Structure formats: C-alpha cells, structure tokens
C-alpha cells in the first residue's frame, strides 16, 4: 500500500525515543502529524476524534510506554486502523501477564519461565502461547 | 461431485434489453438453503454442446430463502451460457444448481463499504447492500452503465438505495464518468469492492493501492467460467523411482500411481485437502484443484495428483 | 470382537503417522452421532457445565446469529437421524424440541435468545455427546468465536477464545512445518455449504477420563506416572476424536464438532490388525509428536505391553 501521510502518537517515554523515527519520517516528504498522548488522554474525546477522522492512506505509529500501548492500539483499531496501517512500539519496563490454567487468574512476571501462582499456589511454567484477547501468556501446570 | 439442487424457473423478468432476471424455485417446493451476502450459485446447463457450468450471483436479500434470483446479461460473444439462458430457458424450465458459494464476502471489520460496479457487475452488490441495511452499517454504491434503459436494477436502486447510490451513464453527456479518485477521500477503515470487466477491476485495484488502501481492504470478483477438464492420456516420469508410468484418459494420476505400487499420499481424492500434493520437476500442469493460489499454479512446481493432469503428454514428478 | 470395538472409530490407515490434512468428505452429512454411551456422557457433560461454566462454555458477543444456525442444524439432524428419540416441531418461529432419551422438552422462539435458558449453542450442546466449536470466518482468517467444550484433550477454551487458527495451533511442535497449519486453515476457509468433511485425531490417555481439561491437568496427568508394561492394557486408552466440519450458510462461519471415544489398549488388541498397526505407529513415532500427544512418560511401557500381546497371539 502507498502511504499518504503519517500520524505519530507518543507519550513522554516515546518522545525521548522518537528522534530517529521522526527524522526518517521527515525525510519521506509525506505530511507528518505528531500528537502527545497520556494514559489520561485515552478517556478524552479529542484523542478519539483525532483517530476517527483520519483518512485512508494514513499510517499510524504508536510510540508509548507499555501500559498505554494496548488500550491505545485498541482505540486505533476501533477507529478503523488495521494491522497493515499501524506500527506499535512499547517502551520501558514491561511485565508479562501469565494466565494460570488452574485458577484462571492473572500473575505478573518480568522474564521468569517458572512461577508460583499468587492465587492458588500451583507451579506454572510460562509458555510462549499468547492470547491477544487476554493480553497474557499461558501458564501450564505440571505433574510432580 | 458437488451436491446439487433441483429447481425450475418460476418467472422471467426483462430487466433491460440485454439482461433477464430469473426467479428459481425448488422443484420439491422446499425452502432453498440460506446464503451469505455476495454468494453465487453455479448453474448446470444442458446445452447441445454438453453440460455448461456458469456462475451467477444471487441478487435478492439473504433473508429470503423461498426462491433464488439471478440476473444474466446476454453477451455478444457468448460461449453458450448467456445465449442458453436468454434463448432456451422459459418459465417452467427445470435445471440443477449448486449450493450457494461465497468467494466475495463483506468485511466484518470495515467501518464503511464502497462498491464500484460496471454493467452486470452490479449483481453481487445487491445482496450485500440488503445485508448492510439490515445490519445498520454504512456503504455507498458507484455504478456505471450505458444508459438508464441499459441499467439493470435501476428501479430497485432508486427506490431502495437512492441516497447511497451514484449512477454514471456513459451514453449520457450530462452524466459524469465513474472514476477511481472518489476512493481517496474516505475514512480510515473503509473497504472497497469492485465487480465488472477485468480491465475496470484492475484499474480500480491499482488506484486503490496507490491511495493507501491495504490489500486486505480491497475486494473484487471476476466471473470466469471454470476451465473444462481435458481428459487425455499422458506419461509420468518418476525421478526418484526411476520409472515411467502411463495415465489413462479416464484414470486420475493418483489412481495410476497407486496401481503402479507408488506410495503417493492422499486423503480426500477430490482436490480439496491438499494431502496428495507432489513436486513437479517438468511439464505443464493442468490444475483442477481448489488448493493452490493463482501464483502457486503459475509456478508449475507442485500439483494435486488426485484431480490435476498434464497439459501436453508428459510430466516429470520427483516421486 | 466386542460391540465397543466394532463401533470404535479406528484412526490409522498406515504404519506410520505424521501430521496431515486427513479430511475426507462426510457421508452421510450428519453432524452428530448418538452412541450407547449417550446417557453416561450427557450426565457427565451437564455436571461439568453446571460446576465449571467458564471452563466449558465461552462465546464472543457477535456470535448469536451463527449460534442459531448451529442450533437449527443440530436439532434437525437429531430429529431426522433418530426420530424415535428426538422430535422437532415448528409453527412459524415457534419451535418445540423433545429429547425422549432424557425426557425433556424445550419450547422457544427461533431467533429470540430470551426464550431459551442458555445461548443457542450452549442449549443445543446439552443434547449431544459432541463438543461444539464455532469458527468465525472473516477478513481472510478463521477465529475461535464460541464453543461448548466439556471433553477437551488438554486445551483451554477460555484461553484460546478469540484466537485465529494459526495462533490456536502454535503450541504444537512441527505443526507449522511446510505451512501445514496455513494449508489446513485455507482448506477450512474453502468449505462449502452442503459438503461437510470429517477427520480423525488420536492420542493416548493414561486413565479413563473424557474431560481431560488443561485446567485440571495437574490432577489427571498424575496417572501418566503410574503406567507399567503390566497394567498398560487396562490403564492406557486410545483416544480418538471424530471431527466434523460444516459450513454455516448465512453467517459463513464453520461448525466444528468433536466426538471423543476411548478404548483400552487391551480391548483394541482383540483386533490383531489394529494391534499390529498401533505397535508399528508407536515404534516409529517421532519423539516430538509422542511428547505433544502426552505419552512421553509411558510410551516405552505401552510398546512393551503391545509386544507382549503380539507374542501372546503368535504363541
């Protein structure tokens, strides 16, 4: 697809990491619009209106800290952006959610491969099987 | 191979001088199978030249299942299909049709649907628009025809979809021409759909891509009659087995391989599951399967042994 | 040969087993099958649905129209195939379904969820032994949109809900080789109304348990450690899923039914040809497939047991 313009949404973390990307986009000679976002702005109508009024041919970059990424991505998808029309970059500290297969509650981990479920105590091996709907990795139980 | 439905023609309506609409009803008087918007049926026509298979879109709303309606344009260069429909079919004529099939469905996630139709290409959009109205979703139609008289479904469109319908009449000097650049100013999440002659479809597809539509937001349907299956005998050289076997005209390649004791894989035997795929080293393949994409077919390096054959008289397989 | 063995859907057609699209056209085109285990399995299923509703039933909000199509298809198949056991009468949209095996009658308005005590898929699943899965087909992909799953072979409906076909199968080692996962997905996406397909899937289970859910693996999985060559005949089961695929006409979605069958190795061994073939399949089975099918801890014990049975017959 031929891009017509760029829209870049970033928070404070994203801003400090955006230098190279902004140079690249500026060199493209296509119009570039940059907007700051915060967790709080997610709930305000200006951001929704901004996304919903975009034309076809707009390519969206999200450059935000991890907690903001998924809600922002979902809002963009609701506005009509498909995977081919946006790029998502999560920055900063990132914890993985692990779905306990035994009790269905969510645990957090940075990078462990084996954890203990905080709710039911089962030992879980953290797999690479990921659910976009639940935003979590599957934690398998094992037989002792 | 495919299951068929026995129907008869209940009514024929002359839509335009060259387009007839046929109302088909089940011979057993039962309801016909439901269908999804954009579906078509294959009609099996008993002509003097043998059975012809021709595809036609179902033009009524999907909620209606006591009859089917198709519209056939008489082509000047008819290879028999449209001529048969126009000159040999009358009210009461019986025939067999396939179950509805859908190769042109509405996008689920599209925020807005824009349809571009040229001539008889209007047909798949009729069931689609009815469905979108029922679901309360937004769309617009752009339809190019020669003139009002030659514009099939003109009344239906004016009555039911007036506000969403833009007509372009090429023989009318006061009417504008249907052009792709209307696709530029559409909201993000718009999907575009094309149906008409191949040149029109290609032109609009290219334009859509250049305006920034991702490939998955571009949909089109081209009606091409299926290629008749050539049943000539041919030879097959098996590279690894160092053998050559012959395939009879009424024998599938798979049957010939198995009869010769070659352990060639298979499952469905009707060209659908893909299990019987073998590597082709040389020779031109006549593909009759429903597995490979156009690109894969053109690469000529794989074939389904259960249904596909040789175009000429020899193939070399890696088996 | 016992009645159970003669009815058993034997899954192998060769001495070696690899992942493939082993689907064939389904004839007759019936989605469900009532077997002598009906009462036992329906009781178990309903108790699981009552005690573990979120594990056994999940659906995305937009699936109601497709669920009605499934309900219609299944109820018609029950009535037309087993008319003495299931009746279905319709007066316009007012439907009455009677299950004479369970002595239950349900009246409802077709298309109106408020007239049923459960969603249409959840309702109809309570009358058949099959697990019922709804795959939505949209925007060029296939998604797990809804399902009633009481007898899973170690997977979680709740976790997988909403995933696409490739994502669902990503944990299976080797399944994506040669793009088999995409090829099978593409095959399913080309399914047509009026032409359903069927395939058989198999695994070995330690212990008899239809509801081998991922959620309770740490409980029933323990049996794998208790298999010996001596007890394998009675403790290890061949588990076969007969899977049927139907295109739903109006929603363009796909109904995937799974009927699970279990038979002990001892019972299966009564058929010499089955015994020999299962033995060859297991001996030759690559480790990555054996592991995924859950038999890593006791495959050797099973092979020893089968060897014993083979020699016994010869002797």
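Residue numbers (the numbering used here), protein chains in the order written: chain A, 1 to 144; chain B, 1 to 319; chain C, 1 to 315.
Where a beta carbon is used, it is the ideal one built from N, C-alpha and C, also for glycine.
The structure displayed is predicted, hence computed values, not measured ones.
Note down, in chain order, each residue of its chain lying with its Cβ closer than 8 Å to the Cβ of residue i, except the 5 sequence neighbours on either side.
i, result
"residue 22 (chain A)", "8, 32 and 34"
"residue 87 (chain C)", "79, 96, 97, 98 and 100"
"residue 20 (chain B)", "12, 13, 14, 71, 72, 74, 85 and 86"
"residue 47 (chain B)", "80, 84 and 88"
"residue 280 (chain B)", "300, 301, 302, 303, 315, 316, 317 and 318"
"residue 196 (chain C)", "25, 26, 29, 31, 244, 245, 246 and 247"
"residue 241 (chain B)", "262 and 319"
In chain C, what lies closer than 8 Å to residue i by C-beta?
i, result
"residue 101 (chain B)", "192 and 193"
"residue 35 (chain B)", "193, 249 and 250"
"residue 119 (chain A)", "Under the 8 Å cutoff, chain C gives no residues; its nearest Cβ is about 14 Å from residue 119 (chain A)."
"residue 127 (chain A)", "171"
For residue i, which residues in the same chain have their Cβ closer than 6 Å to its Cβ, ignoring the five residues on either side in sequence?
i, result
"residue 142 (chain B)", "116, 166 and 178"
"residue 184 (chain B)", "211"
Per DSSP, what kind of secondary structure is residue i in: helix, strand or coil?
i, result
"residue 310 (chain C)", "helix"
"residue 108 (chain A)", "strand"
"residue 155 (chain C)", "coil"
"residue 170 (chain C)", "coil"
"residue 252 (chain C)", "coil"
"residue 239 (chain B)", "coil"
"residue 20 (chain A)", "helix"
"residue 147 (chain C)", "strand"
"residue 64 (chain B)", "coil"
"residue 239 (chain C)", "strand"
"residue 229 (chain B)", "coil"
"residue 6 (chain A)", "strand"
"residue 159 (chain B)", "helix"
"residue 124 (chain B)", "helix"
Given a cut-off of 7 Å, decide if residue j and residue i are closer than it, judged by their beta-carbon atoms.
i, j, result
"residue 210 (chain B)", "residue 2 (chain A)", "yes"
"residue 132 (chain C)", "residue 257 (chain C)", "yes"
"residue 133 (chain A)", "residue 162 (chain C)", "yes"
"residue 238 (chain C)", "residue 268 (chain C)", "yes"
"residue 259 (chain C)", "residue 33 (chain C)", "yes"
"residue 122 (chain A)", "residue 109 (chain A)", "no"
"residue 19 (chain C)", "residue 143 (chain C)", "no"
"residue 100 (chain A)", "residue 62 (chain A)", "no"
"residue 139 (chain A)", "residue 114 (chain A)", "no"
"residue 245 (chain B)", "residue 260 (chain B)", "yes"
"residue 203 (chain C)", "residue 147 (chain C)", "no"
"residue 127 (chain B)", "residue 62 (chain B)", "yes"
"residue 23 (chain C)", "residue 200 (chain C)", "no"
"residue 140 (chain B)", "residue 114 (chain B)", "yes"
"residue 123 (chain B)", "residue 201 (chain B)", "no"
"residue 98 (chain B)", "residue 51 (chain B)", "no"
"residue 15 (chain C)", "residue 219 (chain C)", "no"
"residue 51 (chain A)", "residue 17 (chain A)", "no"
Can you list, in chain order, the residues of its chain whose CB lies under 7 Å from that of residue i, leaving out five sequence neighbours each side?
i, result
"residue 115 (chain C)", "108 and 109"
"residue 82 (chain B)", "72, 73, 74 and 75"
"residue 111 (chain B)", "187, 189 and 190"
"residue 301 (chain C)", "227, 228, 229 and 232"
For residue i, go through chain A and note every residue whose CB falls closer than 7 Å to its CB, in chain order.
i, result
"residue 218 (chain C)", "102, 122, 141, 142 and 143"
"residue 203 (chain B)", "Within 7 Å Cβ-Cβ: nothing; residue 203 (chain B) doesn't reach chain A, min ~16 Å."
If the cut is a Cβ gap below 7 Å, which residues of chain B does residue i touch?
i, result
"residue 139 (chain C)", "107, 108, 109 and 216"
"residue 70 (chain A)", "Under the 7 Å cutoff, chain B gives no residues; its nearest Cβ is about 18 Å from residue 70 (chain A)."
Confirm the yes/no value for this check: CB of residue i, any heavy atom of the ligand MN, distance under 6 Å.
i, result
"residue 199 (chain B)", "This structure simply doesn't include the ligand MN, nor any ligand for that matter."
Would you list the one or two residues that DSSP bridges to residue i?
i, result
"residue 309 (chain B)", "B:286"
"residue 86 (chain C)", "C:99"
"residue 136 (chain A)", "A:131"
"residue 218 (chain B)", "B:192"
"residue 22 (chain B)", "B:12 and B:70"
"residue 131 (chain C)", "C:258"
"residue 270 (chain B)", "Per DSSP, none; premise fails for residue 270 (chain B)."
"residue 50 (chain B)", "B:47"
Applying a beta-carbon distance threshold of less than 8 Å, which residues of chain B neighbour residue i?
i, result
"residue 1 (chain A)", "209, 212, 213, 214 and 215"
"residue 82 (chain A)", "109, 189, 214, 216 and 217"
"residue 183 (chain C)", "274 and 291"
"residue 187 (chain C)", "272, 273, 274 and 291"
Taking Cβ-Cβ distances shorter than 7 Å, what residues in chain C pair up with residue i?
i, result
"residue 138 (chain A)", "159"
"residue 268 (chain B)", "23, 24 and 25"
List, in chain order, every chain A residue whose beta-carbon is nearer than 8 Å to that of residue i.
i, result
"residue 240 (chain B)", "None at all; the shortest Cβ gap to chain A is about 37 Å."
"residue 163 (chain C)", "131, 132 and 133"
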